[in-house]
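Asker: Numbers 118 to 260, taken from our numbering, label the letters of the sequence shown in order. Ideal placement from N, C-alpha and C gives every residue a C-beta, glycine not left out. Next up is a structure, given as structure tokens.
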Amino acid sequence: MNNAPWILWALLSAACAALTAIFARIGVQGIDPDLATLLRTLVVVVALAGFVGLTGKWRNPLTLDRGTLGWLAASGLATGASWMSYFRALQLGRATQVAPVDKLSVVLVALFAVALLGERPAPREWLGIALISVGAVVMVLRG
């Protein structure tokens, strides 16, 4: 593994995602999961707006390319659908089962990246993708 800066951000993302599952599993009890997702999203919006504003990164979105805005809107809709589904799953299932199935997104990203972006994972990467798939199935099976 090289010392690429992305790895630190990816590890931080994984740690925060893990905490998201735990906090959401606790917080979604006794509340509609869609309302819980909305409340979480409002917290995200406020936190990110503060961060972007305080760091001077704000740009008028209307000055951005329409294609960029369209893809970001599509990504936002997919994120919302993902979060709503995730909270519903956490309300109904165990975090130790929901999270691994959610991580099948890694497998789907690889497949979509090949089909839509023309990326070509190396054989070693395909092995990792296969292991994630098997790991998710093992985590879900009840023994």
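Quick check: what's the CA-CA separation for A135 versus P178?
Answerer: Computed Cα separation, rounded: 31 Å.
Asker: Which residue from P238, F204, R241 puts its Cα closest to that of G147?
Answerer: The option with the nearest alpha carbon to G147 is F204.
Asker: Quick one: Cα of S222 to Cα of T196, how far?
Answerer: Each residue's Cα considered, the two are about 12 Å apart.
Asker: Quick check: what's the CA-CA separation for L234 versus G245?
Answerer: Near 19 Å, if we compare the C-alpha coordinates of G245 and L234.
Asker: Drop a sphere of 10 angstroms on the beta-carbon of T154, count the other beta-carbons inside from all chains shown, and report buried for 16 or more, exposed for fewer.
Answerer: The residue in question, T154, is buried, as its Cβ has 16 or more Cβ neighbours within 10 Å.
Asker: Can you tell me whether DSSP reads E236 as helix, strand or coil?
Answerer: Three-state DSSP puts E236 in coil, outside helix and strand.
Asker: Are three or more beta carbon pairs between the stretch 225 to 242 and the stretch 170 to 184 nearer than 8 Å?
Answerer: No: fewer than three Cβ pairs fall under 8 Å.
Asker: Determine the direct distance from the alpha carbon of L128 to that of S199, and round the result to whole angstroms.
Answerer: Looking at the two C-alpha atoms, the distance is approximately 20 Å.
Asker: What does the alpha-carbon distance come out to for the pair L159 and L165?
Answerer: If I take the Cα positions, the gap works out to 10 Å.
Asker: On a CA-only basis, which of R237, V218, A131 is nearest L258? Give me that one, please.
Answerer: Closest by alpha carbon: V218.
Asker: Pick out the complete alpha helix (DSSP H) segments inside the stretch 149 to 173, 4 residues or longer, and give them in chain order.
Answerer: Fully enclosed alpha helix (DSSP H) runs of 4 or longer: 150 to 171.
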